[in-house]
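Engineer: Before anything else, here's the structure in question.
In the numbering used here, the protein residues as written are 2 to 483.
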């Protein structure tokens, strides 16, 4: 079969854009050869791939501003990219887009322990922020499972959380200020080294906006004193529904653990084979961690274990030292890698009221039988942020489509019981066409009107978040008005 000849106008346009980008960045920072751009063709949602027109790797805010100005003048879409760990396709490029990666922007710019903040470039990884302050007994609270690799830029874009978000909140609760560059190259300073800012809550708008409004290049983050101590307890139960009821009862009792994590049997078996953490082979496992002084820990654990015993656990184990605590957490921290060794899977991210956990877990089990696909459940149970892993065979025709249909039904279920489509992974491309299930047209119009203000030509992170029928119409209107 003869391949079609490349379009000369497209080739010329790419050459012009690359040449202009090379005029403001070092040659090594502009990636445009086809073989090299394939490194940026997807993020952690690997089922979808598309090589970009080019990728750039700036090192500071000024370079980001120059890149965006050029792309704005050329009408080239820009896809911001942190570490590429998005599970919702948040950094998936289009063929005509320029990937703007912040991986080389990883410096600590300022640390102030007295006022409890650190200012960093947003390419810095989540875990390395804590690493920068832990010698002074401070830490950065949000701790997504990918914290070893994920960048602060992506955490801000998706409003990421983690196991300890029940007590400390998610990224928005720990973000004090940002430096953000608009699509035309304008640099904005929003918030700063203080716990609150006057006027409109612009940080609340930016955090979780998924790269739709601008590129965040620097962030001022809240850091906290490390607690005196922490101790987890492991609970095993013979059904998902019972474990879900235990979570609900703990929250209703008024105690606030730092984390409540849930794993079901498929996930337990995979994690035990992978990490050998010593987990019991039961239907559902809870890891509940509390922190504070020795007296505070004892008081909280006494209440929690009393609740646990009322539901007849098959195993109840408190950590007595750091080694036992590490082993309790070992399997949970290895969960996604462990599942990846045994099966292709799609990781969802619906959020529900904690009281609905027993019902939702039962319905997911029923839907699993209806669709003929397995599901492993591992999630932050304390705040109802679920992460069902739907197992499928990527090499079996039709399995991916079946998996997506199953996933859509789970997310619709989350909305039906009073939850929402995403807790920390974002909408990306994965959930964009489900947005109509959560929002009516006036709500969606209000969100898109906000994007009109920040990015009137709709060039930032195209084909994400908003349903394609709505965003395509908005983009066409913007082009027609030029």
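Positions of the beta carbon are idealized from the N, C-alpha and C atoms, including for glycine.
Between 75, 269, 106, 94, which has its C-alpha nearest residue 60's C-alpha?
Structural biologist: Nearest of 75, 269, 106, 94 to residue 60, Cα basis: 106.
Engineer: For residue 105, does the three-state DSSP call read helix, strand or coil?
Structural biologist: coil
Engineer: Count the C-beta pairs between the stretch 364-376 and the stretch 391-410 that are closer than 8 Å, then say yes if the count reaches three, no if not.
Structural biologist: yes
Engineer: Excluding five sequence neighbours on each side, which residues of the same chain lie with their C-beta closer than 7 Å to the C-beta of residue 90?
Structural biologist: Around residue 90: 44, 46, 49, 429, 430, 431.
Engineer: Per DSSP, which residues does residue 348 bridge with? Please list them.
Structural biologist: DSSP output for residue 348 lists 390 as bridge partner(s).
Engineer: Cα separation between residue 51 and residue 94?
Structural biologist: 6 Å
Engineer: If we call anything under 8 Å between Cβ atoms a contact, is residue 145 one with residue 162?
Structural biologist: yes
Engineer: Is the Cβ-Cβ distance between residue 488 and residue 427 less than 8 Å?
Structural biologist: The structure shown does not extend to residue 488, since the chain is modelled only from 2 to 483, so the question has no answer here.
Engineer: Whose C-alpha, out of 155, 466, 122, 461, is nearest the C-alpha of residue 68?
Structural biologist: The shortest C-alpha separation from residue 68 is found at 461.
Engineer: Can we count residue 212 as close to the ligand PLP, meaning its CB is less than 7 Å from some heavy atom?
Structural biologist: The ligand PLP is not among the ligands present in this structure, which contains no ligands whatsoever.
Engineer: Give, in chain order, every unbroken run of the alpha helix (DSSP H) that is at least 4 residues long and sits entirely within the stretch 239-271.
Structural biologist: 241-253
Engineer: Relative to the alpha-carbon of residue 232, which residue among 318, 211, 283, 196 has its alpha-carbon at the smallest distance?
Structural biologist: 318
Engineer: Drop a sphere of 10 angstroms on the beta-carbon of residue 254, count the other beta-carbons inside from all chains shown, and report buried for 16 or more, exposed for fewer.
Structural biologist: exposed
Engineer: What runs of the alpha helix (DSSP H), each 4 residues or longer, lie entirely inside the stretch 31-62?
Structural biologist: 35-38
Engineer: Do you know whose CA, among 448, 367, 481, lies nearest residue 214's CA?
Structural biologist: 448
Engineer: Is it right to say residue 321 is buried, meaning 16 or more other beta carbons lie within 10 angstroms of its own, or is it exposed?
Structural biologist: Its Cβ having fewer than 16 others within 10 Å, residue 321 is exposed.
Engineer: Taking the beta strand (DSSP E) that residue 378 falls in, what are its first and last residues?
Structural biologist: 376-381
Engineer: Short of 6 Å in beta carbon distance, which residues of its chain neighbour residue 18, apart from the five on each side in sequence? Order them along the chain.
Structural biologist: 75, 77
Engineer: Return the chain-ordered list of same chain residues with a C-beta closer than 6 Å to the C-beta of residue 301, the five sequence neighbours on each side being excluded.
Structural biologist: 256, 291
Engineer: Looking at the secondary structure, which residues open and close the alpha helix (DSSP H) in which residue 306 lies?
Structural biologist: Note, residue 306: alpha helix (DSSP H), 295-311.
Engineer: Is the beta carbon of residue 149 closer than 8 Å to that of residue 220?
Structural biologist: no
Engineer: Three or more C-beta pairs closer than 8 Å, one from the stretch 100-119 and one from the stretch 455-473: is that the case here?
Structural biologist: Judged by Cβ distances under 8 Å, the stretch 100-119 makes no contact with the stretch 455-473, as fewer than three pairs qualify.
Engineer: Span of the beta strand (DSSP E) holding residue 192?
Structural biologist: 188-192
Engineer: Would you check if the distance between the CB atom of residue 250 and the CB atom of residue 308 is smaller than 8 Å?
Structural biologist: yes
Engineer: Could you tell me the alpha carbon to alpha carbon distance between residue 401 and residue 346, rounded to whole angstroms?
Structural biologist: Each residue's Cα considered, the two are about 9 Å apart.
Engineer: Please classify residue 196: does DSSP put it in a helix, a strand, or coil?
Structural biologist: Reduced to three states, the DSSP call for residue 196 is coil.
Engineer: Ends of the beta strand (DSSP E) at residue 118?
Structural biologist: 118-122
Engineer: Check for me: the alpha helix (DSSP H) holding residue 205 runs from which residue to which?
Structural biologist: Segment 203-207, the alpha helix (DSSP H) holding residue 205.
Engineer: Measuring CB to CB, does residue 285 end up less than 8 Å from residue 241?
Structural biologist: yes
Engineer: By how many angstroms is the C-alpha of residue 287 removed from the C-alpha of residue 359?
Structural biologist: 14 Å
Engineer: Looking at the structure shown, is residue 474 part of a helix, part of a strand, or coil, going by DSSP?
Structural biologist: helix
Engineer: Compare the Cα-Cα distances from residue 353 to each of 262, 465, 384 and report the closest residue.
Structural biologist: 384
Engineer: Looking at the structure shown, is residue 179 part of a helix, part of a strand, or coil, going by DSSP?
Structural biologist: In this structure, residue 179 counts as strand in the three-state DSSP scheme.
Engineer: To which residues does DSSP link residue 419 through a beta bridge?
Structural biologist: Answer is none; residue 419 lacks a bridge partner.
Engineer: When you compare only the Cα positions, how much space is there between residue 11 and residue 336?
Structural biologist: 44 Å
Engineer: Do you know how far the Cα of residue 399 is from the Cα of residue 270?
Structural biologist: 27 Å
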